[in-house]
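This report refers to the structure that appears directly beneath it.
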Amino acid sequence: MKWIALFLFILASCKERNDDSLANEISEGKWIDLTYDFSSQTLYWPTAATFRMDTAFEGTTAGGFYYSAYNFCAAEHGGTHLDAPVHFAKGKWAADEIPLDKLTGEAVVIDVVDKAMKNADYLISTDDIQAWEKTNGNIPENSILLFRTGYGAYYPDAKKYLGTDERGADAVAKLHFPSIHPAAAAWIVKNRKVKAVGIDVASVDYGQSKDFKTHQILYGENIPGFENVANLDKLPAKGAYVIALPMKIKGGSGGPLRIIAWVKH
Ligand SMILES: [Zn+2]
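Everything in the sequence shown is counted per my numbering, starting at 207 for the first residue and increasing by one.
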């Protein structure tokens, strides 16, 4: 009897350990891909090089087995991507220098879809943030702050998503998409502690920005940006866990980003 009791005790304690495991916890949720694929459709700033993929080899080799390999080339800033703080702030973190802790954490999603979908030049205000906090409580310390404008629904239709499908320097003045008001960015860095800021448009400044002030304010505080984030409609207002892993380009000002979120069932 004693041995049976001991066996049951060990079994119970093993089970307990298992239940507490991270793997077990994760199995009680699902992963959501917040990343657009990279292809010839990927949207880039009108002046930036687009994604190119050339076939190095594709087919059956002389040895009789299938083999494929490609060369790719693109600007850092396009598609779902990271803005490293050094993109707009000299001496701040480059793509390879951002601590992993800043790229992972609990996310809050501030939804401004109603206003932004009616106005392509909409600037997300401090009021929008405070209205969210009124319902959800203050943005928790060390959150990854995500803004949802709804423009992700247009991706990759450049005309709707960016305001123009023209390319080149003259197209920049024709960009129209919403983003974060510099005053809201200033309020965030002064009053809240966030790890990173992401949004479902091409830039943390709106399309008509000339001075990219929101970039300067956030990145000046070493807060990285995530742009062209996909599928934000699939995240709750709070409680998702985000993992954002950019290509580790040494000294890079940004780069392609694989960003995913875990959401409890
Ligand atoms: Zn960028």
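Even for Gly, the Cβ is constructed at its ideal location relative to N, Cα and C.
Query, Result
"State the DSSP-derived secondary structure class of LEU424, mapped to helix, strand or coil.", "helix"
"Taking contact to mean at least 3 C-beta pairs separated by less than 8 Å, is the segment 320 to 327 in contact with the segment 336 to 356?", "yes"
"Take VAL292 and list the residues in its own chain whose beta-carbon comes closer than 7 Å to its own, dropping the five residues that flank it on each side.", "LYS298, TRP299, ALA300 and SER459"
"Expressed to the nearest angstrom, what Euclidean distance is found between the alpha-carbon atoms of ASN342 and ALA402?", "19 Å"
"Entirely within the segment 335 to 371 and at least 4 residues each: give me those alpha helix (DSSP H) ranges in chain order.", "364 to 367"
"What number of angstroms, rounded off, separates the C-alpha of PHE244 from the C-alpha of VAL448?", "20 Å"
"DSSP on TRP299, reduced to helix/strand/coil?", "coil"
"Between the C-alpha atoms of GLU231 and LYS365, what's the straight-line distance to the nearest angstrom?", "42 Å"
"Let me make sure I understand the geometry here. Which of VAL314, ASP411 and SER349 has the alpha-carbon closest to that of ASP327?", "ASP411"
"Starting from the C-beta of ILE455, find all residues in its chain whose C-beta is less than 6 Å away, skip the five residues before and the five after it, and write them out in chain order.", "ALA301 and GLY461"
"What would DSSP say about ASN434, mapped onto helix, strand or coil?", "coil"
"Under DSSP, the alpha helix (DSSP H) around LEU228 begins and ends at which residues?", "228 to 233"
"Can you confirm whether the segment 260 to 280 touches the segment 420 to 432 when touching is taken to mean that 3 or more C-beta pairs between the two stretches lie within less than 8 Å?", "no"
"What three-state label does DSSP hand HIS382 in the structure shown?", "coil"
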